[in-house]
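Counted the way this note's numbering counts, the sequence shown spans residues 505 to 926.
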Amino acid sequence: MPMPAWSAPPADWAKVPVHTVKLFYPGQASYDWVRSPAHRRADKRVKAGEPCMSCHEGEEDELGKTIVKGGRLEPTPIAGKVGSIDLKVQAAHDAKNLYLRFEWKTQMDRAGQMHDYMLYDGEKWAFVGGPRSKDKVRTGAEPPLYEDRLAIMIDDGKIPLFKHQGCWLSCHNGMRDMPDEATKAQVQAHALLGGALKQTDVRKYLPNTRTAEMAGWDKTKPAEEIAKLKAAGEFVDLMQWRGARSNPVGMADDGYVLEYRLFDAGKGPFSWNVDRKTMTPKFMFDASKVGLKAITMDDIGSAAKPHAIIREENAVAYDPKAGWKKGDVLPGRILSRADASGSAADNADAWGTWKDGTWTLLWTRKLDTGHPEDDKILKAGGVYTVGFAVHDDNVTTRFHHVSFPLTLSVGAGGTIPAVTVP
Numbered sequence: 505m506p507m508p509a510w511s512a513p514p515a516d517w518a519k520v521p522v523h524t525v526k527l528f529y530p531g532q533a534s535y536d537w538v539r540s541p542a543h544r545r546a547d548k549r550v551k552a553g554e555p556c557m558s559c560h561e562g563e564e565d566e567l568g569k570t571i572v573k574g575g576r577l578e579p580t581p582i583a584g585k586v587g588s589i590d591l592k593v594q595a596a597h598d599a600k601n602l603y604l605r606f607e608w609k610t611q612m613d614r615a616g617q618m619h620d621y622m623l624y625d626g627e628k629w630a631f632v633g634g635p636r637s638k639d640k641v642r643t644g645a646e647p648p649l650y651e652d653r654l655a656i657m658i659d660d661g662k663i664p665l666f667k668h669q670g671c672w673l674s675c676h677n678g679m680r681d682m683p684d685e686a687t688k689a690q691v692q693a694h695a696l697l698g699g700a701l702k703q704t705d706v707r708k709y710l711p712n713t714r715t716a717e718m719a720g721w722d723k724t725k726p727a728e729e730i731a732k733l734k735a736a737g738e739f740v741d742l743m744q745w746r747g748a749r750s751n752p753v754g755m756a757d758d759g760y761v762l763e764y765r766l767f768d769a770g771k772g773p774f775s776w777n778v779d780r781k782t783m784t785p786k787f788m789f790d791a792s793k794v795g796l797k798a799i800t801m802d803d804i805g806s807a808a809k810p811h812a813i814i815r816e817e818n819a820v821a822y823d824p825k826a827g828w829k830k831g832d833v834l835p836g837r838i839l840s841r842a843d844a845s846g847s848a849a850d851n852a853d854a855w856g857t858w859k860d861g862t863w864t865l866l867w868t869r870k871l872d873t874g875h876p877e878d879d880k881i882l883k884a885g886g887v888y889t890v891g892f893a894v895h896d897d898n899v900t901t902r903f904h905h906v907s908f909p910l911t912l913s914v915g916a917g918g919t920i921p922a923v924t925v926p
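Spelled out as structure tokens, the structure:
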């Protein structure tokens, strides 16, 4: 698949400085926890707005190693998971684009390119596998199957505490896999989250959208007030490159965090490839193009076999009479670059390659996406707060590795200055 014509990344990335960012495992360290006495007297400093790095600079390895093995911040540790990851970051820019190059080693010996796979048991289709945090995966009853991800959060100064506390402003008790996790029934009964947004769980949100001091998930401001915050740019940009749901079509999704973790307006690169009520696939592989209509569990991880169904490239409508056999596998997501549109499709140039245990990701993002209502518009000379996260080794939700907040500049100073290219 060709890269968009407007992309012109550095011809020689070897000439662009490499910045190694240490990501660590945070466990259940939330907005609530860092403001609680359990934070061992640091809670008062956090409440006063002091930076996390004022106490923890250079401690990422130690923090990750301590938390990941289990204890007060990790009640359900994943066996063998590493406590930290080195993320290599390079940045450049020209008059129109920001160019980013990332490298990180994966813990597993294959790329995380599988997500929501469906297995035919001879009679019906059902999802198989999942993240390592899933009970059936932990016990070995199902295989670990979940995509690798790299996420970037960007703030332009509209969220003052973000530069000091980063993603810890957006992670709260009540969220998935966090303390006091909200039930599906509780969320559905909530007027804003369940009623207006049609959600069934709690995901990232910012404290400025809540009325209570500790920003409880259910203490939301009225929708009208939240809309004013959005119009004033008081949100955090969130872009996620996904090994299964976006990389096969060279994209990353585009979203933001405000009252919830939401996608930008328009249509992103992935949607469901299954009728969730009947559990019937919508598309299968086009055998005339890829030589098969489905893969098997043994094919997972094979570079010779397709791992994603792309509507405009290798898909045909699902045929229930195609002679399905027990053990056939289809992706539960359908991808399309051609169907992506609007602000949700802004990240149209994000290409990852996995080789010898390492992901290399090249990502181009327009400085001005043309969608200030959903995105942070970057400018030459601007300095922005960023946070990085990597979901590695078949995990989801909080089982990732994260950075403390950093600064990324477009030709200025900061932790990661993007160098100017012609």
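Cβ coordinates follow ideal geometry from the N, Cα and C atoms, glycine included.
All figures in this text were calculated on a predicted structure; none of them were measured in a lab.
Determine the DSSP secondary structure at residue i, reduced to helix, strand or coil.
i: M801; result: helix
i: W537; result: helix
i: L449; result: Residue numbering for the chain in the displayed model covers 505 to 926; residue 449 lies beyond these limits and cannot be assessed.
i: G670; result: helix
i: Q744; result: strand
i: P921; result: strand
i: S913; result: strand
i: L733; result: helix
i: K830; result: coil
i: K519; result: helix
i: A854; result: strand
i: F908; result: coil
i: P835; result: strand
i: A509; result: A caution first: A509 carries a pLDDT of 43, below 50, which makes its placement in the model too unreliable to give a value.
i: S637; result: coil
i: G759; result: strand
i: T868; result: strand
i: A842; result: coil
i: T643; result: coil
i: R815; result: helix
i: A893; result: strand
i: V778; result: strand
i: P926; result: coil
Report the option in the options whose CA atom is closest to the CA atom of residue i.
i: G885; options: G616, I920 and P909; result: I920
i: I814; options: P683, A844, Q594 and Y529; result: A844
i: D757; options: A686, T868, V820 and P824; result: T868
i: C891; options: T782, V525, Q690 and D547; result: One detail in the question is off: residue 891 reads as Gly in this sequence, not Cys. Checked all of T782, V525, Q690 and D547; the closest Cα to G891 is V525.
i: A599; options: Q744, V894 and P513; result: P513
i: W672; options: D879, R837 and Y529; result: Y529
i: K723; options: T570, A735 and L710; result: L710
i: P683; options: L577, K702, A808 and G634; result: L577
i: G553; options: V538, T580 and E563; result: V538
i: A928; options: V923, D536 and A515; result: Nothing about residue 928 can be reported from this structure: the residues present for the chain run from 505 to 926 only.
i: P664; options: L912, S806 and T889; result: T889
i: G584; options: R636, A546 and K797; result: R636
i: D705; options: A693, G699 and K688; result: K688
i: G633; options: T643, S775 and W855; result: T643
i: L591; options: K734, T873 and L527; result: L527
So residue i and residue j are in contact, right, with Cβ under 8 Å, and what is the actual spacing, rounded?
i: L604; j: V593; result: 7 Å
i: W608; j: I589; result: 6 Å
i: L882; j: L602; result: 6 Å
i: G759; j: K662; result: Not quite, the Cβ-Cβ distance comes to about 16 Å (not below 8 Å), so this is no contact.
Let me check you understand the geometry: is the CB of residue i closer than 6 Å to at least one non-hydrogen atom of the ligand MG?
i: G670; result: Inclusion of the ligand MG in the displayed structure is not the case, the ligand content being empty and no account of it being possible.
Any chance the stretch 839-858 sits against the stretch 770-785, with 3 or more Cβ pairs inside 8 Å?
-> yes
Complete runs of the beta strand (DSSP E) confined to the stretch 544-625 [at least 3 residues] = 588-597, 601-609 and 621-624
Given 8 Å, three or more beta-carbon pairs between the stretch 636-653 and the stretch 734-749 | yes
Is there contact here, the stretch 824-840 with the stretch 615-622, by at least three beta-carbon pairs under 8 Å?
-> yes
How do the stretch 665-680 and the stretch 901-909 stand: do at least 3 beta-carbon pairs fall below 8 Å, yes or no?
-> yes
Do three or more CB pairs link the stretch 873-883 to the stretch 893-905 at distances below 8 Å?
-> no
Do the stretch 788-800 and the stretch 809-828 touch if we need at least three Cβ pairs shorter than 8 Å?
-> yes
Touching by the beta-carbon criterion (3+ pairs, under 8 Å), the stretch 611-618 and the stretch 559-570 | no
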